[in-house]
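If you're matching them up, the sequences are chains A and B in order.
Each residue of the first sequence is one higher than the one before, starting from 20 at the first, in the numbering used here.
Each residue of the second sequence is one higher than the one before, starting from 43 at the first, in the numbering used here.
C-beta atoms are modelled at their ideal positions from N, C-alpha and C, and glycine is treated no differently.
This structure is a prediction, so every number in the text was calculated from the model and none was measured.
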Amino acid sequence: MPKLVIHQEKINDPKALTEICPFEAMEEKDGKVSINAACKMCRLCVKKGPAGAVEYVEDEKKETIDKSQWQGITVYVDHVDGEIHPVTYELIGKARELASKIKHPVYALFMGSQIEKKAEELLHYGVDKVFVYDYPQLDRFKIEPYTAVFEDFIKKQQPTAILTGATTVGRQLAPRVAARMRTGLTADCTILEMDENTDLSQIRPAFGGNIMAHILTPNNRPQMATVRYKVMNAPDRMETTHGKIIPCAIDEEKLKSNVDVLDIVMKEQEQFIESADVLVVAGRGVKKEEDLSMIQELADLLGGQIACTRPLAEAGWVDAKCQVGLSGRTVRPKLIITCGVSGAIQFIAGMNNSDCIVSINTDEKAAIFKTAHYCLVGDLYDIIPKLIEKIKAAKGA
Amino acid sequence: MDILVCIKQVPASNKVEVDPVTGVLLRNGADSKMNPYDLYALETALQIREHTGGIISVISMGPPQAKAVIREAFAMGADKGALLSDRRFGGADVLATSYTLAQGIQKMGNFDLILCGKQTTDGDTAQVGSEVSEWLNIPSVSNVRKITKVEKDGITIEMDLPNELEIAKVAYPCLLSADKDIFQPRLPSYVKKMKTKDREIKVYSLDDMGDKDESHYGLNGSPTQVKRIFPPESNDHREVWNDDGTVIADKLFHMISELKFI
Ligand SMILES: Cc1cc2nc3c(=O)[nH]c(=O)nc-3n(C[C@H](O)[C@H](O)[C@H](O)COP(=O)(O)OP(=O)(O)OC[C@H]3O[C@@H](n4cnc5c(N)ncnc54)[C@H](O)[C@@H]3O)c2cc1C
Ligand SMILES: Nc1ncnc2c1ncn2[C@@H]1O[C@H](COP(=O)(O)O)[C@@H](O)[C@H]1O
């Protein structure tokens, strides 16, 4: 197991060395530095500490797998009752890009009940093969049978990488499959790139979005990643179809479950901020709950929706489902206008892919201006009413 | 009923910043707290126990300081606690973390119900629970927003899906990941805190685990490797409008009209 070896004699200032560790994993006692269980092996102490003080010792190489035995990039087809979630198409687009780099095929894995017709649709997006497991037992998502099907597919097809949408189902299924295959899984990737040697570069925000981490799964296959909806670009639907549908069979013994679905209740049809083309975001610069009506009015005039930062959701001013950010939703509208938002990194992480970002803030040093395309230094209470008036006048004319 | 809750100690503030020049992580404040999402899982356990009776255990994996969150769980009403702590657990990714937890859980005993939080505020993957259930070979459900019935042979829950709610009965033993807002977590009680201040917390190291193969733990048992970390990019293509409000409103109006939003 690789480890960190401390050379006490090379340490002049033990305190300074322990301070480098962001995880408090280094302790100093009687002038001696040691490493405790909090160590995350980030190796900052190796890099930033006095030369040679902390050494990273790798041990003999692990047994290596034959990567050439693992071919193809698979997208899990996320659906409820055959209704395919659009994140699936976004991932197919990404998979095609990754696969072309290493000349691998793109697969889709579709499991459910009476879904064969729906599988056709996937062929409009450039999938080489759609593997379909169609069984009544797979009618609703249940962890054991879905995992069993996934395992069956992986063992037979040996894909090098698997992309899953970070949906309610994907977030439960992907980890379970990863554990069964004893492989790595990187959650909520925002950037994916393929290396020549078929290693998938998985980049995601870490430590609450303050930094980005570049993650590899170099010694295991398949490599698994989840991606949130609206992070990747959706490919255009082609008129013609391409690829073929492959019906698959599995031993029905494996489709048993200890989860018994008793009922399904439709929720009231909600408008999700993810689907809005225009978002007007209220931040703490909005002083009173009543003032939200102004934000709402602007959103309505632009045919958009209102969204908010975390403090407003926590205060109960705006529904938590409208919160943008790391612990909220990832959005990618054509136009986003932030009003009185400071631009904390956790917020930025949820909206920085938007096409056009307009930010209103009184503080010209606000962090949001690092991300905005249009930085409006001013008071939202001044600008927004004037803008509303102008739009109304234009619409009335 | 034997219930186990998985709780993690996380930094109290997530405001780590990266020094743009040196690339070093800057931390402000060393305080730690219980992962806020785990409070909901613990509260769920407490609520269930009020109906069924039984024992609530908590488990945590982390450095020795993480005992603090187990004490906090005692002060909220948990009965037993164990900490999995060993330098060799360090650097664990989701697979190794969940494996270590599963090993520790098997060491602690048999549980009817295991509860996890939705996600941690530092790891932030929302994956550990589901992987633990795989290692234990028990069914699991995430996004549990309501418990509707607790019976002898299983528990009925509501799973939150984007457009619908699914009501399902899950047979014991099983693992559930509780959503935020399933119940309002209670505050730790001072009386309970005093009463439990000497209560034993079992600490298990790798040598106590059923599987003692070091290669399954910590960094070595982690298939994912962090190649590098870097600060997020900032955007260079930007226009600053520093003007009178009327002028800005006017410019904005023209800009969004041109883009055909009006
Ligand atoms: C783990 C973690 C996850 C998080 N997840 C999220 C998340 O998902 N989403 C999220 O939003 N936050 C999240 N946060 C919180 C985040 O760090 C910030 O605290 C939050 O985004 C700040 O919200 P704000 O910009 O509305 O408020 P503030 O930071 O208070 O900013 C208000 C801004 O308004 C400006 N202002 C004041 N008055 C006016 C005026 N009249 N006109 C114009 N401008 C004005 C001020 O200059 C200031 O910049 C998270 C934090 C952590 C630790
Ligand atoms: N080190 C740990 N110790 C105990 N429980 C943990 C640990 N890490 C994660 N968990 C549990 O798994 C849930 C999901 O964590 P994560 O996958 O890190 O977002 C948490 O809410 C905890 O219930």
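Judged by beta-carbon spacing, residue 125 of chain A lies within the 8 Å limit of residue 92 of chain A, meaning their Cβ atoms are closer than that value.
Restricted to the segment 282-329 of chain A, the beta strand (DSSP E) segments that are unbroken, complete and at least 3 residues in length are 297-301 and 324-327, listed in chain order.
Within the segment 385-398 of chain A, contact with chain B at the beta-carbon level (separation under 8 Å) is assigned to 388, 389, 390, 391, 392, 393, 394, 395, 396, 397 and 398.
At least one beta carbon of chain A lies nearer than 8 Å to the beta carbon of residue 270 of chain B. The residue among A:112, A:123, A:70 and A:116 with its C-alpha nearest the C-alpha of residue 86 of chain A is A:123.
Neighbours of residue 233 of chain A across chain B, judged by C-beta separation under 8 Å: 268, 269, 270, 271 and 272.
Contact between the segment 291-307 of chain A and the segment 353-369 of chain A is established, with three or more Cβ pairs separated by less than 8 Å. A straight-line Cα-Cα distance of about 15 Å links residue 89 of chain B and residue 159 of chain B.
Taking a Cβ-Cβ cut-off of 9 Å, residue 348 of chain A has no neighbours in chain B, whose nearest Cβ is about 11 Å from it. Ordered along the chain, residues surrounding ligand 2 are B:48, B:49, B:50, B:77, B:79, B:80, B:83, B:101, B:102, B:103, B:104, B:136, B:139, B:143, B:158, B:159, B:160, B:161, B:162, B:165, B:166, B:167, B:168, B:169, B:170, B:171 and B:219 [Cβ under 7 Å from any heavy atom]. Take the alpha-carbon of residue 389 of chain A and the one of residue 368 of chain A: they are about 13 Å apart. Secondary structure note for residue 270 of chain B: its beta strand (DSSP E) is the uninterrupted segment 267-272.
Using a 10 angstroms sphere on the CB of residue 229 of chain B, the tally of other CB atoms stays under 16, which defines it as exposed. Under the 10 Å beta carbon count, residue 284 of chain A is surrounded by fewer than 16 other beta carbons and is classified as exposed.
Rounded to the nearest whole angstrom, the C-alpha separation of residue 262 of chain B and residue 52 of chain B is 23 Å.
Take residue 105 of chain B, set aside five residues on each side of it, and the residues of its chain with a beta-carbon closer than 7 Å to its own are 127, in chain order. Relative to ligand 1, residue 74 of chain B has its C-beta separated by 7 Å or more from all heavy atoms. At a C-beta separation below 9 Å, residue 110 of chain B has no neighbours in chain A, since its nearest C-beta there lies roughly 13 Å away. If you look at residue 191 of chain A, you'll find it in the alpha helix (DSSP H) that goes 187-199. Taking a 10 Å sphere around the C-beta of residue 224 of chain B, we find 16 or more other C-beta atoms and assign the residue as buried. In the structure shown, residue 234 of chain B falls within a helical segment according to DSSP collapsed to helix, strand and coil.
At the C-beta level, residue 243 of chain A and residue 203 of chain A come within 8 Å of one another.
With respect to chain A, the C-beta atom of residue 77 of chain B has no partner C-beta closer than 8 Å.
Checking the 7 Å criterion, the Cβ of residue 342 of chain A is within range of a heavy atom belonging to ligand 1. When rounded, the separation of the alpha-carbon atoms in residue 49 of chain B and residue 82 of chain B is 10 Å. In the structure shown, residue 262 of chain B adopts helical secondary structure according to DSSP, grouped into three states. DSSP, reduced to helix, strand and coil, places residue 53 of chain B within a strand of the structure shown.
Selection B:156, B:196, B:96 and B:214 evaluated against residue 80 of chain B yields B:156 as nearest (Cα-Cα). The beta carbons of residue 343 of chain A and residue 366 of chain A sit closer together than 8 Å. The beta carbons of residue 240 of chain A and residue 179 of chain A sit closer together than 8 Å. Against residue 54 of chain A, the close residues of chain B are 129 and 132, in the order they occur along the chain (beta-carbon pairs closer than 8 Å).
Residue 157 of chain B: member of the beta strand (DSSP E) spanning 155-158, first to last residue. Contact annotation for residue 105 of chain A against chain B: no contact, minimum CB-CB distance about 11 Å [criterion: below 9 Å]. The C-beta distance from residue 133 of chain B to residue 260 of chain B rounds to 5 Å, short enough to fall under 8 Å.
Between residue 253 of chain B and residue 215 of chain B, the C-beta spacing is not below 8 Å. Residue contact with chain A for residue 104 of chain B: present (Cβ-Cβ distance below 8 Å to some residue of chain A).
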